[in-house]
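Participant:
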Amino acid sequence: MTKEKGDEVGVNLYYDDFEIGQTYPMFEYSISAEDMAVHRASYECLFEGMPDTEPADDETIVSPFAVNSFLAIRAAFGMPDGVLHARETLHLHAPARVTDQLRVELSILDKYERNGRPFIVFRHRVIRQESELVMDVDRTICWIRKEREEK
């Protein structure tokens with residue numbers, strides 16, 4: 009994937025560093041035809057009894073799984089070792105195409121503790137260059153608290 013901005017990974021942030029409603033700089037990227045070929049090859053397989061030829065999909069449409077990535081989070085700040093992807097909800101509004109310039113609006117939707125574990129809910133709004141909403145993703149991650157220094 010070609011990243012337009014935010015190629016560097018920021019400083020690691022910990023649970024207490026996040027505030028509900030907090031937003032991050034817009035992240036811009038595009039997905040090339042070559043990226044999609046690699047993505048498709050990662051899950052293509054042929055099962056016994058399946059015909060060798062399948063109807064061709066529209067090659068310009070980008071898989072939602074390729075659009076939905078951690079790139080915006082990783083560009084905004086570092087992820088400390090030990091974070092765990094817990095859950096996500098995707099709402100697909102329009103297909104992304106290989107020619108699209110995509111941007112992600114990243115914000116903190118919620119943060120809470122459950123069973124002694126800290127969770128952060130990130131909202132990703134993926135928008136194409138015509139300001140058309142492509143997808144909303146609410147991604148819940150079990151985050152890490154910064155270890156306190158012993159005195």
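So for the sequence shown, my numbering puts the first residue at 9; every next one is plus one. We treat Cβ as the ideally placed atom computed from N, Cα and C, and that holds for glycine.
Taking its Cβ as the centre, do 16 or more other Cβ atoms sit within 10 Å of leucine 79, making it buried, or is it exposed?
Facilitator: Within the sequence shown, residue 79 is the residue found at index 71, counting from 1. It counts as buried.
Participant: Rounded to whole angstroms, what's the CA-CA distance from methionine 44 to aspartate 144? Just pull it up for me.
Facilitator: The sequence position of residue 44 within the sequence shown is 36, counting from 1. The sequence position of residue 144 within the sequence shown is 136, counting from 1. Between methionine 44 and aspartate 144, the C-alpha separation is close to 21 Å.
Participant: Express the C-alpha separation of arginine 111 and glutamine 137 in angstroms, rounding to a whole number.
Facilitator: If you number the sequence shown from 1, residue 137 lands on position 129. If you number the sequence shown from 1, residue 111 lands on position 103. Taking the straight line joining both Cα atoms gives about 8 Å.
Participant: Among all the DSSP beta bridges, which residues are the ones paired with asparagine 123?
Facilitator: Along the sequence shown, read from residue 1 onward, the residue named residue 123 stands at position 115. Partner(s): none; asparagine 123 has no beta bridge.
Participant: Suppose contacts are defined by Cβ-Cβ distances below 7 Å. Is alanine 74 in contact with histidine 47 by that definition?
Facilitator: Counting from 1 along the sequence shown, the entry for residue 74 is found at position 66. Counting from 1 along the sequence shown, the entry for residue 47 is found at position 39. Yes.
Participant: Taking just the CA atoms, how far does valine 129 sit from glycine 90?
Facilitator: Numbered from its first residue, the sequence shown carries residue 90 at position 82. Numbered from its first residue, the sequence shown carries residue 129 at position 121. Answer to the nearest angstrom: the Cα atoms are 16 Å apart.
Participant: Which value, in whole angstroms, describes the spacing of the CA atoms of histidine 132 and arginine 147?
Facilitator: By one-based count along the sequence shown, residue 132 stands at place 124. By one-based count along the sequence shown, residue 147 stands at place 139. Cα-Cα distance, rounded: 8 Å.
Participant: With DSSP as the reference, label tyrosine 1 as helix, strand or coil.
Facilitator: No statement about residue 1 is possible, as the shown extent of the chain runs from 9 to 159 and does not include it.
Participant: Note the first and the last residue of the continuous beta strand (DSSP E) segment covering leucine 21.
Facilitator: Here residue 21 refers to the residue found at position 13 of the sequence shown. Leucine 21 -> no beta strand (DSSP E), and no H or E assigned at all.
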